[in-house]
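Heads up: the sequence lines are chains A, B, C and D, in that order. The letter at position 281 of the first sequence is residue 423 when you use our numbering, and the numbering goes up by one with no holes. The letter at position 114 of the second sequence is residue 256 when you use our numbering, and the numbering goes up by one with no holes. The letter at position 101 of the third sequence is residue 243 when you use our numbering, and the numbering goes up by one with no holes. The letter at position 2 of the fourth sequence is residue 144 when you use our numbering, and the numbering goes up by one with no holes. Before any comments, here is the structure.
There are 4 protein chains.
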Amino acid sequence: MSYNTFGHLLRVTTWGESHGSALGCVVDGCPPGIPLTADDIQVWLNKRRPGTSAFVTQRREPDEVRILSGVFEDARTEGQVTTGTPISLMIENVDQRSKDYSEIARSFRPGHADFAYFAKYGVRDYRGGGRASARETAARVAAGAIARKILGAGVTIRAALVQVGEVKIDRSRWDWTHTLQNPFWCPDPQTTPAWEQYLGEVRKRGSSVGAIVEVEAVGVPPGWGAPIYAKLDAELAAAMMSINAAKGVEIGAGFASAALSGEENADEMRMSPDGEVEFGSNRAGGILGGISTGQPVTARVAFKPTSSILNLRRSIDETGQEIEVLTKGRHDPCVALRAAPVVEAMMACVLADALLMHRAQTGGGSFAPGPGASART
Amino acid sequence: MSYNTFGHLLRVTTWGESHGSALGCVVDGCPPGIPLTADDIQVWLNKRRPGTSAFVTQRREPDEVRILSGVFEDARTEGQVTTGTPISLMIENVDQRSKDYSEIARSFRPGHADFAYFAKYGVRDYRGGGRASARETAARVAAGAIARKILGAGVTIRAALVQVGEVKIDRSRWDWTHTLQNPFWCPDPQTTPAWEQYLGEVRKRGSSVGAIVEVEAVGVPPGWGAPIYAKLDAELAAAMMSINAAKGVEIGAGFASAALSGEENADEMRMSPDGEVEFGSNRAGGILGGISTGQPVTARVAFKPTSSILNLRRSIDETGQEIEVLTKGRHDPCVALRAAPVVEAMMACVLADALLMHRAQTGGGSFAPGPGASART
Amino acid sequence: MSYNTFGHLLRVTTWGESHGSALGCVVDGCPPGIPLTADDIQVWLNKRRPGTSAFVTQRREPDEVRILSGVFEDARTEGQVTTGTPISLMIENVDQRSKDYSEIARSFRPGHADFAYFAKYGVRDYRGGGRASARETAARVAAGAIARKILGAGVTIRAALVQVGEVKIDRSRWDWTHTLQNPFWCPDPQTTPAWEQYLGEVRKRGSSVGAIVEVEAVGVPPGWGAPIYAKLDAELAAAMMSINAAKGVEIGAGFASAALSGEENADEMRMSPDGEVEFGSNRAGGILGGISTGQPVTARVAFKPTSSILNLRRSIDETGQEIEVLTKGRHDPCVALRAAPVVEAMMACVLADALLMHRAQTGGGSFAPGPGASART
Amino acid sequence: MSYNTFGHLLRVTTWGESHGSALGCVVDGCPPGIPLTADDIQVWLNKRRPGTSAFVTQRREPDEVRILSGVFEDARTEGQVTTGTPISLMIENVDQRSKDYSEIARSFRPGHADFAYFAKYGVRDYRGGGRASARETAARVAAGAIARKILGAGVTIRAALVQVGEVKIDRSRWDWTHTLQNPFWCPDPQTTPAWEQYLGEVRKRGSSVGAIVEVEAVGVPPGWGAPIYAKLDAELAAAMMSINAAKGVEIGAGFASAALSGEENADEMRMSPDGEVEFGSNRAGGILGGISTGQPVTARVAFKPTSSILNLRRSIDETGQEIEVLTKGRHDPCVALRAAPVVEAMMACVLADALLMHRAQTGGGSFAPGPGASART
């Protein structure tokens, strides 16, 4: 992690502002020979795209990705593959409305990064939030698509919203299929209409709410991650907290761990009938000592409410004058509705990086306790 | 963050196992000319030391630190100062009881990193948890002492426990002075006896519980941290999650942000009578867009219960045999009781690194909106 | 340095292949508030551009650079300045002739990276050398333009060729003005016609030769660079050796140091009449202990002959068949003729990075021995 | 490379001053399961040790290394192996004569790093050169011993001096066996007595000379190293230039490349009778496009004369006063005589790091063009 690059061996450098001509990223360190076309990336970008429901920003962006480097035809398969050189991805900004920004150009919008950027840099691109805009996450999703390719079919990553504002799902009704059938990434069919009504009211009030996204990665073998400061959970924490509006990250039982007993917390192990390692529970979220155990890697990320609201709030401007601010125009009652694909992408990037790091240090050999055994949940 | 090093410009590389001859760290990138003696570090180590109350491990370690390099007499002051070269710190292990480990040498203790280390490396130092032992955090605390020196007197960092097991403090009774007067880092005088009784019972049952540590840094000027992947909150998240037994990190309102309204969440700004920036609340935890705002930087870290308990748990061994495991000997009902100094140290290291990063890119000039103004809470 | 990124705090990530749609770089860590337009970069790119004389590749590339992010209008000056966010630069490839590559697609050209890339990656973009093409250096020159802006007017960087094939200049006739008046970056007016004739003959033979580039940076204050592994000379060595066709790097007296006496080698110091530090010679090349001394930083870089020649050479192809290879078409008798701007750019990038690193650790305060003194040559 | 750490995945952080209590390094990222004892390291340290002949410093240091962490008994072999956690090595300084330094404490010795350190840091450990002393290279040699273990028996690294002062060897008489039988690492039996006489005279004059070290690594498979900024030759250049007193680095034909023809420079390839890739020459020094070709990796490093000489030289002190300086006591007529083991160690570290990097990105599979073929010289 440094400024605008994340990852150690799979290094993703993103660039671009909300209302610049384009945004994109350079994905460096990708293994060679992996089939990759723009379509492979586009499919994930489409899931994150603005304007997909009445509850997300109505900015109309096709978010069409171009691969500018790092791929070439494979003589053997005649398909396009990665070459091991940096993959440059670019998404042009289309709907950066050339509106009059004079009103907000010198104002610090509460909850936004306006004041902090100005305090740090003394200059900022105020149009649509500039670099601090959630548009930057399109580059993450594009990079995540490449990370998924590196991980291969053995690892499944999927996210869902488990809380919107004050309304939580009922986990007993969890249905992954349903998450893809509603605009809220809601895994609980009975909660979906409740969120729809709730968010309609929030929007009508010109207000906003936050949400909590849960993500899991199934199929991660034991051994990924590394003590002490490249722990898989520490990498995930940084990756998730770097997403716009994120305010909290937890792994496995997370904050609830505090109130568990030692007996509840320590997931018991046993051998399955066919000789594989099994755990009796997954309070650890698939990570012990910073290293994957073979159980699903699970995390939750808390997002704060959209800072742009239609109601007046007190603030100041660049000259130190007290002002009142409200956000006109496109309004997004819950920015976290579009966070699920981003959370998935960051999980994919962290895991692909961990795979490469693990392969580097150990050769990648997987563990088998006893004859014929391998780790699974 | 990489394997055993954290930080970008203030780089801390720790080394050592629980029962090796010594542990320590190399602190690289420290500015020159900062007065530093072993005593300056020892005072913080003493706060983390084992054996300080009936409720923490009874291992007897003086944790005496030696400075092996990176300091020299300053001709002008005749005191010892940092020279800008790497500071090597070493703490010898004294009380690594040479007991018989044959019983646990091949067993995977539930909740511990035993299985994960073995799966990754195929070999592990099983004595006292080896590298995964919380003894490693002594090196962090030592490094944190140097980080505090870099930050100077203007930044105050302090931590407290706000929940132990199921028992939370009453925040209305918060008293920082009290935290230093009880073995639980408890800021609420009325909760202290409750925790004492509660933990006594937990210990009697041979069980354990987790806890939540809250930390704040007051005096951080606006402008530290950097978008997008070196966000101050992302750095904090990684640093905190890298601590042993940490399972969750939140900044400001954290997970509670999800249920806030946009109005509640976006901290309003105004000018103080003497022309400084003031915020009406601190839901952001002092960080917007990954950059400090001048408000106190606040975070909470959740710790899971001690994995070593006196009660039998099912597990497996290296050969894939099913076994039952219990931890004999020294027993620690709440490992998080000793986490507060470690959380403080990680906050100090992250902030000192952010200071250097900020100074590098911007020259370190601080922001003043309007004439004579500066940011404060 | 890592894969496709160089620099610690001023981080330059380049991407692109010779015959892809575009190439470019992301410059991260640039201080904010620096005036920067595309023209500021274009002027340096024009110096490196192909097709500028009969002795360099006749590929016709306008090498027009676009700034895609990281700049914005400064409200105070109404000019465009850096914002502190990543600066994405893109240069479209125009003259990537869509010729038939079937002949060389499976061949390993001697002296080229063909075999090594294939051995490493199993796949490669063979068109025009792909990623290994010297076209990548356009991105370095663009980044170098930004680095020069960071360094400011106080630091002057300039390069010249001192040897082409077997023909060396006479240093006693050194004239910096002349270097900009001939296509060979030759500082010796009497050597220029000799090189012209010599290279004409080399070209007629379908052969090629190498060259040596010398570079100096005047105005670097004492204190930049850092022991032990971020030594300014070590950084320069890596940066220069990363340039295509570079085979050697030396600082100051370089390889000739071996035959110096200790008396000759150790540059004496004295105070100038106006109280500044002066050196009696500059065998050190402006660097002692890896740290700048205030003298000009000087280096030389050796480049091998262009590997593409018109004469048949023995080689093998991807299937292990023995073949004979020659390069048809555009031919470049001395690739190093275009290296001078690249060497300058790498010097600029290393120095700007060193400036930021120095400012981070020390605050950037410069040294003055005794009252009113400062270091100079 | 950053401050006091080198390497990407095999990360070596060194610490310590010449006259501090100890020096050492932390080697992070070492693969697990590699047999390693202190003796494995000591054997290489003994080759670098001071006091081994009349021509090197007479400081008496046993240079006894201790392994403080990162190794443990392997249950299967009962031998001590690396565990994958950081390996901390410490060497105590024994013969740091407690002499009176008052005379040089404020002086800047010409050719030394005294002035540069003071200009940067404002404070310095002047005893024996402090951090800038060649004693730091003991830590490199220790790390190099571990790197050799990672590389295994398939890679042979060996260095020799090819020039001392003005006296060069005759390469036609090269005999690797002889290098280990004389105190000069001289590969030419007839040159050894010439150097002995020559250095005796230099020493008698109280003067010093430089030297050139040549190193080769045989057995490096094709594919190590990576474009563009982690090129194997760029990494080597940085590593070698970071050694004390190094002023130049060249790979393969190096600076002589400038005068080669394209035909001479481009090493031809053919298939050996048993189906392996062979090269007709090795002007490239085993590296093309920054990636190893399977040929021996060859480099040369130029070292300047010892800066400490017995003759008076003009200089200044910290207060800006002009002074005359000479070095009393232990005198070393050619510091490069002890550089060969250090050059070997840096080669080993760079290669082991490249091995891990290559394994990370590609899985480490080696290349075979055509059936049954593999690369060799």
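Heads up, the beta-carbon is just placed ideally off N, CA and C, and yes, glycines get one too. If you're wondering where the values come from, they're calculated on a predicted model, not measured in any experiment.
Within chain C, partners of residue i - CB distance below 9 Å
i, result
"P177/B", "By Cβ distance, chain C contributes nothing, its closest Cβ being about 16 Å from P177/B, past 9 Å."
Any chain B beta carbon closer than 8 Å to residue i
i, result
"G226/C", "yes"
"K291/D", "no"
"M411/A", "yes"
"V439/A", "no"
Cβ neighbour criterion (16 or more within 10 Å) applied to residue i
i, result
"Q521/C", "Given that chain C is displayed from residue 143 to residue 519, the structure contains no residue 521/C and the question cannot be resolved."
"G294/B", "exposed"
"D140/B", "It is not possible to answer for residue 140/B, since the shown part of chain B is limited to 143 through 519."
"E466/C", "exposed"
"D317/B", "exposed"
"V306/C", "buried"
"K346/B", "exposed"
"S314/D", "exposed"
"K470/C", "exposed"
"Q437/B", "buried"
"G286/C", "buried"
Neighbour list for residue i in chain B, Cβ cutoff strictly below 9 Å
i, result
"L151/C", "H150, L151, M499, A502 and Q503"
Partner residues on chain C for residue i, Cβ-Cβ distance less than 7 Å
i, result
"T334/A", "Within chain C, no residue comes near T334/A; the closest Cβ sits about 38 Å away, beyond 7 Å."
"S163/A", "L210"
Residues that residue i contacts on chain A, provided the C-beta gap is smaller than 8 Å
i, result
"Y145/B", "A368, P369, I370, Y371 and A372"
"P174/D", "Q503 and T504"
Contact with chain C by residue i, beta-carbon distance below 8 Å
i, result
"P204/B", "no"
"G171/B", "yes"
"V467/A", "no"
"Y263/A", "yes"
"A247/D", "no"
"S230/A", "yes"
Short CB-CB distance (under 8 Å) between residue i and chain D
i, result
"F397/C", "yes"
"R456/C", "yes"
"D267/B", "yes"
"R277/C", "no"
"V236/B", "no"
Under 9 Å from the C-beta of residue i: neighbouring residues of chain A
i, result
"H254/B", "A408, L430 and G431"
"A391/B", "With the sequence shown as reference, residue 391/B is identified as Val, and Ala is not the correct amino acid for it. Result: A379, M383, G390, V391 and E392."
Any chain A beta carbon closer than 8 Å to residue i
i, result
"W157/C", "yes"
"G296/B", "no"
Option nearest residue i by Cα separation, candidates the options
i, options, result
"A274/D", "G427/D, V485/D, T156/D and E420/D", "T156/D"
"A487/A", "R501/A, V357/A and A478/A", "V357/A"
"V207/C", "E220/C, G175/C and L165/C", "L165/C"
"T279/B", "C167/B, P325/B, E410/B and A368/B", "C167/B"
"V492/D", "I354/D, E234/D and G367/D", "G367/D"
Residue i: contacting residues in chain B (beta-carbon distance under 7 Å)
i, result
"A353/A", "A400"
Contact set between residue i and chain A, taken where Cβ atoms lie within less than 7 Å
i, result
"A453/B", "With the sequence shown as reference, residue 453/B is identified as Asn, and Ala is not the correct amino acid for it. Simply E405."
Validate contact between the stretch 395–410 of chain C and the stretch 218–232 of chain D using beta carbons, cut 8 Å, 3 pairs: The stretch 395–410 of chain C makes no contact with the stretch 218–232 of chain D: fewer than 3 CB pairs, one atom from each, lie closer than 8 Å.
Cβ pair count under 8 Å reaching 3, the stretch 375–386 of chain D against the stretch 438–446 of chain D: The stretch 375–386 of chain D makes contact with the stretch 438–446 of chain D, as at least three CB pairs between them are under 8 Å.
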